[in-house]
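When the letters of the sequence shown are read in order and numbered with my numbering, they come out as residues 29 to 308.
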Amino acid sequence: MDAEVDAELSALPAGTLIQGRASTALDLLPPETVRTVVTSPPYWSLRDYDIDDPFGRDDALSDYVSRLVDDFRKLRRVLTGDGTVWLNIGDAYTSGNRRYRAPDKKNRARAMTVRPPTPRGLKPKDLIGLPWRVAFALQEDGWWVRSEVVWYKPNAHPESVADRPTKAHETVFLLSKNQDYYYNIRAIRGANGRRLRTVWDIPTSPRRRDDLPDDEHPAPMPISLAHRCVTLTSEIGDVVLDPYAGSGTTLLAAAQLRRRWVGIEIKPEFVRLIERRVCR
29 MDAEVDAELS ALPAGTLIQG RASTALDLLP PETVRTVVTS PPYWSLRDYD
79 IDDPFGRDDA LSDYVSRLVD DFRKLRRVLT GDGTVWLNIG DAYTSGNRRY
129 RAPDKKNRAR AMTVRPPTPR GLKPKDLIGL PWRVAFALQE DGWWVRSEVV
179 WYKPNAHPES VADRPTKAHE TVFLLSKNQD YYYNIRAIRG ANGRRLRTVW
229 DIPTSPRRRD DLPDDEHPAP MPISLAHRCV TLTSEIGDVV LDPYAGSGTT
279 LLAAAQLRRR WVGIEIKPEF VRLIERRVCR
């Protein structure tokens, strides 16, 4: 489907893939049909996906947070009353007003030709605390922030830094539409059969940019992470949504777990990648 030309859906089939902005495509979905969302939006100031959209690339920090809040209002409409969102979002450092990110020989995908300026009130090299800024904004807009999961990456990318530890984790928030929601506490157990803790040890699936064809994603979500989230907050036959679908990992995990799925992706090359991975 094309978000700019297709009409609103009256029902959702087993799989639906929409090309376009999340803000536009979410209006096409029927209300209260999605049980859970597993998503990772474009990170602010960390990657350039080479599309005609400033979201996360060169927009101001306040505009980035506001756009996420606006999109999540539309997500709330399509979620069931007991629906949830798993939001994976990475932190970032200020650029020191450099308008580019220099190539990093240890992680070439991090290079950017354009970057947002340092936000007001922050200093050069400051850690922004971006995940919690977004979480607080969503909380203020009516969402329940139910859990902060620390996704520990045992094979985290090395960094060319000498004045701080190398970052080896990201944040995943569990958000709910209402106070009561569906969560299957028995679906996944932690170490020694105990209840699942909030630190998840999950390796990444790193890719080197110079090894990638044009339609490959430089930072795909590990499918084991998507599997875990989908399993905990949905049941067989439920609809799972990713409004920033990227490489389609959430959609693939949903299909493997016998859920229906909806993916929204703005970049045509990534839509073709999803079609290869999920729609074949």
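For every residue, glycine included, the Cβ atom is placed at its ideal position computed from N, Cα and C.
Reference residue i; option with closest CA among the options
i: Asp270; options: Asp169, Ala50, Trp171; result: Ala50
i: Ala39; options: Leu54, Pro58, Gly48; result: Pro58
i: Val62; options: Tyr210, Asp91, Arg225; result: Tyr210
i: Tyr121; options: Asp154, Gly109, Leu103; result: Asp154
i: Arg304; options: Leu56, Leu280, His255; result: Leu280
i: Asp208; options: Tyr92, Lys102, Ala42, Thr108; result: Thr108
i: Ser233; options: Ile213, Leu54, Ala254; result: Ala254
i: Phe100; options: Tyr71, Ala165, Glu36, Leu37; result: Ala165
i: Ile294; options: Pro250, Pro182, Pro69; result: Pro69
i: Asp55; options: Arg222, Val290, Tyr92, Arg286; result: Val290
i: Tyr1; options: Arg222, Arg225, Ala163, Pro296; result: What is shown of the chain runs 29 to 308, which leaves residue 1 out entirely.
i: Glu198; options: Arg222, Asp191, His185, Leu150; result: His185
i: Ala163; options: Gly149, Arg148, Asp119; result: Asp119
i: Ile292; options: Tyr92, Leu103, Glu60; result: Leu103
i: Arg286; options: Glu36, Ala42, Leu37; result: Ala42
Assigned exposure category for residue i - 16 Cβ within 10 Å defines buried
i: Asp238; result: Because Asp238 carries a pLDDT of 46, less than 50, the predicted location of this residue cannot be relied on, and no value is offered for it.
i: Asp34; result: exposed
i: Ile46; result: buried
i: Ala31; result: buried
i: Val200; result: buried
i: Ser123; result: buried
i: Ile302; result: buried
i: Gly170; result: exposed
i: Ser90; result: exposed
i: Lys205; result: buried
i: Arg214; result: exposed
i: Val306; result: buried
i: Tyr71; result: buried
i: Ala190; result: exposed
i: Gly48; result: buried
i: Arg256; result: buried
i: Asp242; result: With a pLDDT of 43 at Asp242, under the threshold of 50, the modelled position of this residue cannot be trusted, and the question is left open.
i: Glu36; result: exposed
i: Leu240; result: Reliability fails at Leu240, whose pLDDT of 41 lies under 50, so the model's placement of it is uncertain and the value that follows must be treated cautiously. So Leu240 counts as exposed.
Cβ pair residue i, residue j closer than 8 angstroms
i: Met29; j: Thr44; result: yes
i: Val258; j: Val66; result: yes
i: Val268; j: Ala282; result: yes
i: Pro248; j: Thr278; result: no
i: Asp87; j: Pro152; result: no
i: Lys195; j: Glu187; result: yes
Cβ separation of residue i and residue j, assumed to be a contact under 8 angstroms, to the nearest whole Å
i: Ile230; j: Ser252; result: 5 angstroms
i: Gly274; j: Arg288; result: Contact flag wrong, Cβ pair sits at about 19 angstroms.
i: Thr64; j: Gly111; result: 6 angstroms
i: Leu203; j: Val173; result: 6 angstroms
i: Asn220; j: Leu260; result: Rounded, the Cβ-Cβ distance is 19 angstroms, inconsistent with contact.
Short CB-CB distance (under 8 angstroms) between residue i and chain B
i: Ile302; result: Here chain B cannot be found, since the structure has a single protein chain.
Heavy atom of the ligand COA within 7 angstroms of residue i beta-carbon
i: Ala196; result: Summarising the ligand content, the structure contains no ligands, and the ligand COA is consequently not present.
Exercise. Pair every Cβ in the stretch 147-162 with every Cβ in the stretch 105-119, then say whether three or more of these pairs are closer than 8 angstroms.
Key: yes
Quiz item: Three or more beta-carbon pairs under 8 angstroms between the stretch 91-98 and the stretch 176-183, yes or no?
Solution: no
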